[in-house]
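Reading through the structure tokens given below for one structure.
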Amino acid sequence: MARSTLNPISRNACPACGSSEVVQIPGGSVLPAILFPVESDRAADVPARAVRAAACCECQHVFLTDLDPEFSENLYANYYNLYPFKALETLNAFYREPFNRLLPVFCPPGNLSLLEIGCDEVEQMRCFLDQGYRCTAINPGARECGDVRFIDGYYGSTPVTGNFDRIISRFNLEHIVDIDGFFEQLHQNLKADGIAIMQVPNAEHFLHMGVLNMFAHEHPHYFCRKSLAALISRCGFEVRFLNGVTEPSLICAFGRRTGGSYDPSARIGGLMQVVSEVCAFIGRSDDGVVLYGAGLSASALLYSPDFQARWYDRIAIVDDNAVIQGRLMPNTPLTIGRPDDQAFESGKSIILTLSQQYHPAVIRSLRARGVAADIFAISSGGFKAVVSDC
Ligand SMILES: [Zn+2]
Numbered sequence: 024m025a026r027s028t029l030n031p032i033s034r035n036a037c038p039a040c041g042s043s044e045v046v047q048i049p050g051g052s053v054l055p056a057i058l059f060p061v062e063s064d065r066a067a068d069v070p071a072r073a074v075r076a077a078a079c080c081e082c083q084h085v086f087l088t089d090l091d092p093e094f095s096e097n098l099y100a101n102y103y104n105l106y107p108f109k110a111l112e113t114l115n116a117f118y119r120e121p122f123n124r125l126l127p128v129f130c131p132p133g134n135l136s137l138l139e140i141g142c143d144e145v146e147q148m149r150c151f152l153d154q155g156y157r158c159t160a161i162n163p164g165a166r167e168c169g170d171v172r173f174i175d176g177y178y179g180s181t182p183v184t185g186n187f188d189r190i191i192s193r194f195n196l197e198h199i200v201d202i203d204g205f206f207e208q209l210h211q212n213l214k215a216d217g218i219a220i221m222q223v224p225n226a227e228h229f230l231h232m233g234v235l236n237m238f239a240h241e242h243p244h245y246f247c248r249k250s251l252a253a254l255i256s257r258c259g260f261e262v263r264f265l266n267g268v269t270e271p272s273l274i275c276a277f278g279r280r281t282g283g284s285y286d287p288s289a290r291i292g293g294l295m296q297v298v299s300e301v302c303a304f305i306g307r308s309d310d311g312v313v314l315y316g317a318g319l320s321a322s323a324l325l326y327s328p329d330f331q332a333r334w335y336d337r338i339a340i341v342d343d344n345a346v347i348q349g350r351l352m353p354n355t356p357l358t359i360g361r362p363d364d365q366a367f368e369s370g371k372s373i374i375l376t377l378s379q380q381y382h383p384a385v386i387r388s389l390r391a392r393g394v395a396a397d398i399f400a401i402s403s404g405g406f407k408a409v410v411s412d413c
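Following this line, the structure appears as structure tokens:
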């Protein structure tokens, strides 16, 4: 079990989403360090403490607010090993099967490197070893053993070197006090295109089922679907998969953020600039142009306020799709032609108005047929001349 005895998180804020809108949960039973029945020689004098918890008004995360590092230390050193089902949560079919259903999608067979946090059993990692993965695992007390490289320590405080294609944590995150330290370490260990998968108990499900107590001293966190997503996002990752609120456990696959910021209004403004640029180009092209692709980019040009009706004469439009050949662009005299040799024999400049992913094949095909006209492309990079040999 990965765990830190430090508690740097300000308990004035939600450790999942960071909101300061938190409310104390009434109650606070005094619970023993272990809630499972123990042998008679251990049953007396089990240390006990009040459990105090708060809930976030923003993401509904529930978390313990009055942690005592010494009590936790004692719990893990002397009582946690009394749980007879150490790996039960992971190996129980109830939890294992939903996890295994994700494997074909996120853990395909291959020569991938994988780190499992909070694991010290080869058997638990059999599903990854069977995929051909190179496996490392970290857990306090873990011993070097055959197929898996084990590291004895706490993830987030014990240094772990290396970059991994996959990082797995099953029923571990709910134990972590220094959750920010945990995710900082994850940033260092996950490859740029890597995927991490975290599985935690679903507090929302527990409460919905009417279980009278969900608290235990070893669990400072009680995630719901919203709070798990909020935590992963706040820690700089992007959720790729997250299962439903009615499941007994939550499973989230995530990776690094991709694509940068998305500002549709600024982006559309930029595209209007490109439309003006292309219209100005058509206006200057006395010999005319061929628009290759009767799709959305062509429509942006033909219906732009910058487009002039007198330019129809200088425009030919072609498309590879036989279904639309012979038809006309609405409200124009422009008939969609076939992109045959005749269409290009005039030597008019060609503007690629079809989707960017088709550009390389179209350019290769035109050049292979000996079409020598200048080719311009409209793509994510704007409106640009195509370098002849690409
Ligand atoms: Zn929150």
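Residues 24 to 413 in this note's numbering are what the sequence shown lists, from first letter to last. Positions of the beta carbon are idealized from the N, C-alpha and C atoms, including for glycine.
For residue i, the residue or residues it bridges with in DSSP
i	result
His-244	Phe-86
Ala-73	Val-53
Phe-173	Ala-160
Phe-194	DSSP output for Phe-194 lists no bridge partner at all.
Cys-168	Val-171
Gln-331	The partner list for Gln-331 (beta bridge, DSSP) is empty, contrary to what the question assumes.
Met-221	Ser-192, Cys-275
Tyr-178	Thr-181
Val-262	Phe-277
Gln-47	Ala-77
Glu-139	Ala-160, Ile-191
Ser-372	Val-312
Ala-339	Val-313
Thr-358	Leu-351
Contacting residues, own chain, Cβ-Cβ under 6 Å from residue i (five flanking each side not counted)
i	result
Val-61	Leu-105
His-228	Pro-271
Tyr-381	none
Ile-359	Ala-317, Ile-340, Asp-342, Ile-347, Gln-348, Arg-350
Tyr-102	Ala-56, Ile-57
Ser-42	Cys-79, Glu-81
Glu-160	The amino acid at residue 160 is misidentified as Glu; the sequence shows Ala. Answer for Ala-160: Glu-139, Cys-142, Val-171, Phe-173, listed in chain order.
Where residue i falls, given that 16 or more other Cβ within 10 Å makes a residue buried
i	result
Met-232	exposed
Leu-230	exposed
Arg-248	buried
Gly-179	buried
Gln-331	exposed
Ile-291	exposed
Phe-367	buried
Contacting residues, own chain, Cβ-Cβ under 8 Å from residue i (five flanking each side not counted)
i	result
Ser-52	Ala-73, Val-74, Asn-236, Phe-238
Val-145	Leu-152, Cys-168, Gly-169, Asp-170, Val-171
Ala-215	Arg-279
Val-312	Phe-304, Ile-305, Arg-337, Ile-338, Ala-339, Lys-371, Ser-372, Ile-373, Ile-374
Ser-322	Met-352
Anticipated Cβ contact below 8 Å, residue i with residue j, distance rounded
i	j	result
Ser-327	Cys-302	6 Å
Phe-151	Leu-137	5 Å
Thr-376	Tyr-315	6 Å
Glu-197	Pro-163	Not really, about 16 Å apart at Cβ, beyond 8 Å.
Cutoff 7 Å; reference residue i; Cβ partners in own chain excluding five residues on either side
i	result
Leu-135	Tyr-156, Asp-188, Arg-189
- Query: What residue ranges within the region 381-413 form continuous beta strand (DSSP E) runs of no fewer than 3 residues, ordered along the chain?
  - Reply: 398-402, 405-408
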